[in-house]
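Listed below in structure tokens is the structure:
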């Protein structure tokens, strides 16, 4: 059950990080974050954390089987 939680939190972090990075890179308009490189870096870092969590969750699930 814990590995499923890692995967879910990882997917959410990846999606939010992608949105933040898109707004920071001026690809998604309509926010005060649009065009601000700070949000690009925050989004990329959050997306990396999401990928790590997904990998950890999938690897833990595979080990138990």
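Numbering (the numbering used here), first residue to last: 50 to 114. From the three backbone atoms N, C-alpha and C, an ideal C-beta is built for every residue, glycine too.
For the alpha helix (DSSP H) containing residue i, name the first residue and the last one.
i          : result
residue 52 : 51-73
Taking 6 Å as the limit between beta carbons, can you name the residues of its chain near residue i, skipping five residues before and five after?
i           : result
residue 109 : 52
residue 99  : 59, 62, 63 and 66
residue 105 : 55
According to DSSP, is residue i helix, strand or coil?
i           : result
residue 122 : A query on residue 122 cannot be resolved here, the shown segment of the chain reaching from 50 to 114 and no further.
residue 79  : coil
Check the C-beta distance from residue i over to residue j and give it rounded, since I have them as a contact under 8 Å.
i          : j          : result
residue 73 : residue 86 : 6 Å
Near residue i, which residues of its chain fall below 7 Å by C-beta distance, leaving aside the five closest residues on each side in sequence?
i          : result
residue 84 : 75
residue 95 : 62, 65, 66 and 69
For residue i, which residues from the same chain have a beta carbon less than 8 Å from its beta carbon, with the 5 sequence-adjacent residues on both sides left out?
i           : result
residue 103 : 55, 56, 59, 60 and 63
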